[in-house]
Amino acid sequence: MPQFLKEFFNRNGTGMGLAILGLVLFWTIGLIILPQLSMLDFSFRPNLPPPEIGGPKDVYTLENYKYLIYGPEGGGQDYNVVDLKVFFRTLLAAVCVTIFNLILCYPIAYYLGQNKGNHIRIFAIMLIIPYWINEILRAFALRIIFGETGVLNTLFVGLGIWDTPFDFIRNDIALYAGLGYAYILLMIFPMYNVIESLDKNQIEAARDLGAPWWRIHWRVVIPYAKPGISSGCTMVFMLSAGALAAPQILGGPSSLWFTQLIYQQFNDNNDWPQGAAYAIVLLVTCILFVLAMMRLFKVNMGDIGK
Amino acid sequence: MNNSFLRISIWVYLAIFFLYLLGPLVIMSITAFNSSEFPRMTPWECLTFQWFGELMQDQRILNGIKNSLIIGAGTVVLSVAMGLAGALLLTQIWPKLRATYYTIIIAPILIPGVVLGISTLVFWDRINRMLGLGADSFLSNGIFLTVIGQSTFIASYCMLVLVARLQRYDVALTEAALDLGASHAQAFRKILLPFMRPAIASAAVLAFLASFENYNTTTFTFGGYPTLTIELAQKVRYGITPAISALAFIIVALTVFFALLNEAKLKRQELVAAARKKATVEELAGKIKLPSFFAGNMAAVLLVVFAIATITVVGTATAYNPGQCIANVKEQKRLEAEERIQELRRQREERRKQNEAEQGGATQSAPKPSNNSGFGNVFAPNTLGGDEGTDEGEEGSNNDTQPSNNSGFGGAFDPNSLQND
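So, in structure tokens, the structure goes:
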């Protein structure tokens, strides 16, 4: 038995040690690692009816990944334009939502982090309450607002600003607003945690030395808050790229989200390996993108999740 | 000057921000009380509580709530246990393994929920097949799969909450207990667990709420046990009614209530602690004068206001009957529809006259117009009756498109009537 395991059992007792180790192994290996590997393995297999699984036809193939790039064989097109377009549009939209959220939330996080008092606590409660409301209901609320006879259209048409109702849903404005809305808290909290620990004297020193407010933010606050900003951005990006509820409810009829394609493969086409392949592509692309961004902005992996 | 400008702009910004954050919830809550068939605020028809009654009779929603509660309980137990074990191991693990271990147990937070759901489904399906069990075995049960799938990432949240408190734990306490002859299990139960209790409570609440509102993972794993969120998503996707607003209102009210309760309790503890600090020895001996419950505790005041408001609303709801108002609105709608039909009729008449005039101008078609008009006269009342029926039917089922429908209806009506003529 290795030294550290012996120490571990000495410290926790055999029974407790086994319980802890058992639970952790079940979680890490049984729930996190093996299912992901199993999905990876599954994505390389053809879609077979249950009796043929494990049979001679059950061999590894790149078919499912090829499908995403080239489309069905003999489909007449060189590339699977529809799915690829959805894929890149999803990534681009997730980036836009992340940037929008960052710009929207930074002033709030700064304000909450640098002020103290009763009203800050009230603000904090007001921030948390929407987060505990069901994701579906939040999307539903936005649909009431952005609908054709919704509050906004009634207001603007009533005021005479527009002649005809504007179709927010078909133009994807409702979708972006909904995605941004859903993850505001996840952007604010990491930033708030970091900015709260910033010594006020640093800001005052910068002010005394004659820096205008925007330079204080650019040279003092933002560099200090970088770990918080990056973990907020990472979370919002990953979650909005992987969102399913908001696109289903707020998305227009013509615009699909990549997760909706995965959902369709699973539930409508009943093609699990294909769906698993799409899910792997989404996961790997998102992770690579986040790692690239972290390299670009010189953020350490250890700072994330603090 | 510059300073006050900055301050004002900050407050304006805060106002816009919170309007974006809370406005949709407020509007959604208000729509629950409008008698309009489609959830909307304008035009306001009647104050009604009928949607709450409808909600209470919806078997699918009630069944969804039941499933959600079962799954929530399972998820809380499993993920708090795994989170606690994970946190304990994190504080003791061999330093070289620590970073890798941390990455693995934090990763589920960042993995998209869709991916977690799919991987759980695929993996347990495979295990099921390996063991040679049928499609109705325990391992392919919707509740089991959902609990497992949700716990994968909810345990990470729990771990983060628990590890924050565990870091302040003094290991010497456990060692002292062991030296005094306690077994490891006893030391855990009597020393560590009481210390961790507040964190375990918040982790459990967090886990339950996360499980209750989860959609992305559950949508792949629920099998034959749809949770409340799944049922809601189905309803929202295929036709929305104010009954959903009513449910949302209840959830919003409960959330606000518990948030205020928690805040009031925290504030009260703080005030008591402050009073204790100031108290003299004599006062501490027994007759410490605690500040009254509401003094300086805004959350408590709000809580009481909120409770009174709830009682008032419920009281009104039992006594209030919107029947008259709804009848009025219906009557008004009927009148409007009739007016519209009259208008259309008038237009048609005019057009007919115009036609007649044109055709009368043309030679050789003298008998035709008279025939035409005679047929039109007989036909008109019939079409009127039919139209009234369909119009009302449309009003009931498809209210959301009503304004655009109006013009559409008129447009559709005109060519039809012309063709008929």
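Protein sequence lines correspond, in order, to chains A and B.
Just so we're aligned, residue 1416 is where the first sequence starts under this note's numbering, counting upward by one.
Just so we're aligned, residue 497 is where the second sequence starts under this note's numbering, counting upward by one.
We treat Cβ as the ideally placed atom computed from N, Cα and C, and that holds for glycine.
Rounding to the nearest angstrom, what Cα-Cα distance links B/T806 and A/M1454 in this structure? 49 Å
Measure the C-alpha to C-alpha separation of A/V1705 and A/V1572 and round it to an integer number of angstroms. 42 Å
In or out: A/L1507 buried (at least 16 other Cβ within 10 Å) or exposed? exposed
A/Q1451 - containing alpha helix (DSSP H), residue span: L1449 to S1458
Using C-beta distances below 6 Å, list every residue in its chain close to A/W1629, excluding the 5 sequence neighbours before and after it, in chain order. none
B/I837 versus B/E846: straight-line alpha-carbon distance, rounded: 14 Å
Under 7 Å between beta-carbons, which chain A residues line up against B/A651? List them in chain order, please. W1442
Taking the continuous alpha helix (DSSP H) assigned at B/R622, which residues delimit it? G609 to M626
If we ignore side chains and look at the alpha-carbon of each, how far apart do B/V508 and A/P1522 end up? 12 Å
Taking C-alpha atoms, which residue in B/K763, B/N499, B/K849 and B/A749 lies nearest to B/V801? B/A749
From what residue to what residue does the alpha helix (DSSP H) around B/F754 run? P738 to K774
Does A/L1624 get closer than 9 Å to chain B when you measure Cβ to Cβ? no
For B/I561 and B/L724, which I take to be in contact (beta-carbon distance under 8 Å), what is that distance rounded to the nearest angstrom? 5 Å
In chain B, which residues lie with their C-beta within 7 Å of the C-beta of A/P1627? Per Cβ cutoff of 7 Å: no residues; A/P1627 is ~10 Å from chain B at best.
Cα-Cα separation between B/G582 and A/A1621, rounded to whole angstroms: 43 Å
Once DSSP output is grouped into helix, strand and coil, what is the label at A/L1420? helix
Measuring only between beta-carbons, confirm whether B/T808 sits less than 9 Å from chain E. In the structure shown, chain E does not exist; the protein chains are A and B.
Buried or exposed for A/P1638, please, with buried defined as at least 16 other CB atoms from any protein chain shown within 10 angstroms of its CB. exposed
Compare the C-beta of B/A770 with all C-beta atoms of chain A and state if any pair is closer than 9 Å. no
Using beta carbons (cut-off 9 Å, strictly below), is B/I557 in contact with chain A? no
When you compare the CB of A/L1697 with every CB in chain B, is at least one pair closer than 9 Å? yes
Under 8 Å Cβ-Cβ, which residues of chain A neighbour B/I600? T1443, I1447 and I1448
For chain B, find out if any of its Cβ atoms is closer than 9 Å to the Cβ of A/N1398; answer yes or no. Residue 1398 of chain A is absent from the structure shown; chain A starts at 1416 and stops at 1721.
By the DSSP assignment, the alpha helix (DSSP H) with A/P1627 in it spans what residues? Segment: none, A/P1627 is in no alpha helix (DSSP H) and carries neither H nor E.
Exposed or buried, A/V1442, counting other C-beta atoms within 10 Å across all chains shown (16 or more means buried)? Checking the sequence shown, residue 1442 of chain A turns out to be Trp, not Val. So A/W1442 ends up on the buried side.
So which residues on chain B does A/M1453 lean against when the C-beta distance must stay under 7 Å? Strictly speaking, residue 1453 of chain A in this sequence is Ser, with Met absent from that position. Those within 7 Å of A/S1453 in chain B are S615, V618, F619 and R622.
Is DSSP giving B/N559 helix, strand or coil here? helix
Counting Cβ pairs closer than 8 Å, one from the segment 670-687 of chain B and one from the segment 1418-1432 of chain A, do we hit at least three? yes
Using a beta-carbon distance below 9 Å, is A/G1657 in contact with chain B? yes
Helix, strand or coil for A/N1727? Go by DSSP, reduced to three states. No answer is possible for residue 1727 of chain A: the residues shown for chain A start at 1416 and end at 1721.
Can you name the start and end residues of the alpha helix (DSSP H) that B/I687 belongs to? Run containing B/I687: none; DSSP gives neither H nor E here.
Simplified DSSP assignment, three categories, for A/L1477: coil
Between the beta-carbon of B/T648 and the beta-carbon of A/I1702, is there less than 9 Å? no
Here's the rule I'm using: 16 or more other beta-carbon atoms within 10 Å means buried, otherwise exposed. How should A/A1554 be labelled? buried
Residue-level contact to chain B via CB, A/F1581, 9 Å cutoff: no
Residues bridged to B/L635 by DSSP? B/L635 is not bridged to any residue.
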